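Residue numbers for the sequence shown follow the working numbering, beginning at 4 and rising by one. Here's the structure, in structure tokens; my notes come after.
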Amino acid sequence: MTQTCGFVAIVGRPNVGKSTLMNRILGQKISITSRRPQTTRHQVMGIKTEGDAQFVYVDTPGIHILAKDRNKAINRFMNQAAVQALRDVDCVVFIIDRTRWSDEDQVVLQRLEHVDAPVILAVNKVDRLQDKASLLPWLQEVGARREFAAVVPISAKHGTNVPELEAEIARHLPESIHYFPEDQITDKSQRFLAAEMVREKVMRQLGDELPYQMTVEVEEFRDTPKVVHISALILVERQGQKKILIGENGERIKSIGREARIDMERSLDKKVMLNLWVKVKRGWSDDERALKSLGYDLD
């Protein structure tokens with residue numbers, strides 16, 4: 004049998020379900036998720052091998068409009084990371100949210116004008132549509148915005164029509180040897196994934212109080228035969244944010260650590276000893292040198 008292998012970029016504006024879709028396709032959690040926009044900050048690769056076909060999915064940060072209050076270095080990094088993922092891919096999945104079309108959806112569509120790869124439009128969260136009759140005319144309307152390879156209504160959360168979406172993607176995989184071992188599911192290290200698990204718990208618990216001025220750096224990742232020892236530093240920009248993150252009598256940071264540790268133990272299949280620290284580093288999110296030292300580097 005002929006082998007096929009291709010790179011598939013998953014793009015869209017913030018908070019439309021890109022990471023949820025990739026996790027659903029892979030059958031396990033690789034990209035972190037929350038209800039806050041711009042949870043994903045890096046390109047995260049998810050690899051799925053089925054028989055002779057290998058799909059290399061690239062989850063991207065949400066492409067967003069750089070308004071005055073969102074024109075920090077980290078916002079520019081996220082947009083660049085998303086656009087860079089469109090280079091040299093074999094297929095693009097463009098996700099939108101139900102029957103809503105925003106200015107940021109239009110920005111993503113414009114970014115796709117110069118992409119040679121086929122673009123599949125995935126209309127997500129259709130399970131939450133109250134007026135199901137509105138879906139078909141909307142699919143026809145949005146499908147006329149450009150020549151899409153296919154338009155597929157899906158629910159990434161519940162898996163509705165996701166196999167049909169994968170079948171459409173498979174049609175565009177080129178003949179190629181497989182680039183990754185059959186059992187590899189991501190290009191990211193366990194150290195990176197551990198930092199992301201902590202950041203997810205912070206975003207989920209304190210997304211309103213700490214929307215974007217927070218990042219996580221793993222300072223120690225020591226794997227022993229029975230236990231993985233992990234020490235992670237949570238960086239914030241102001242002293243008040245540090246107080247919120249620690250919480251009264253340290254209860255908030257304990258809760259974040261407890262939830263992150265459960266995810267880590269599930270991922271590593273081993274007991275985890277997790278230590279979390281909080282530090283104020285003023286202006287890190289608008290300092291390109293600081294961002295590079297923290298791993299926000301397109302190279």
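Every residue, glycine too, gets a C-beta built ideally from N, C-alpha and C. Being a predicted model, the structure only gives us computed values, none of them experimental.
- For the 8 Å CB-CB criterion, residue 13 and residue 96 form a contact.
- Residue 240 and residue 287 do touch by the CB rule: their CB atoms are close to 6 Å apart, below 8 Å.
- Pairing residue 62 with residue 49 gives a Cβ-Cβ distance under 8 Å.
- In the structure shown, residue 46 falls within a coil segment according to DSSP collapsed to helix, strand and coil.
- Excluding its 5 nearest sequence neighbours in each direction, residue 278 has C-beta neighbours in its own chain below 6 Å: 234, listed in chain order.
- In the DSSP assignment, residue 7 falls outside any alpha helix (DSSP H) and within the unbroken beta strand (DSSP E) covering 7 to 14.
- The residue among 176, 180 and 109 with its C-alpha nearest the C-alpha of residue 120 is 176.
- Between the C-alpha atoms of residue 164 and residue 157 there is a straight-line separation of about 5 Å.
- Contact between the region 128 to 144 and the region 99 to 107 is present: three or more C-beta pairs spanning the two stretches fall below 8 Å.
- Each of 117, 135, 130 and 100 was checked against the Cα of residue 124, and the nearest Cα belongs to 100.
- Going by beta carbons, residue 180 and residue 8 fall inside the 8 Å limit.
- Ranking 112, 116, 133 and 245 by CA distance to the CA of residue 145 puts 112 first.
- The alpha carbon of residue 18 has as its nearest neighbour, out of 134, 263, 260 and 127, the alpha carbon of 127.
- Just so you know, the alpha carbons of residue 186 and residue 51 end up roughly 9 Å apart.
- Note that the C-beta distance between residue 208 and residue 259 is below 8 Å.
- In the same chain as residue 205, and ignoring 5 residues on each side of it, the C-beta atoms closer than 8 Å to its own belong to 213, 217, 219, 237, 248 and 259, in chain order.
- For residue 130, the secondary structure class from DSSP, reduced to helix, strand or coil, is helix.
- Note on the region 178 to 209: whole alpha helix (DSSP H) runs with a minimum of 4 residues are 193 to 209, in chain order.
- For residue 234, the enclosing beta strand (DSSP E) stretches over residues 230 to 239.
- Beta-bridge annotation (DSSP): residue 276 is paired with 232.
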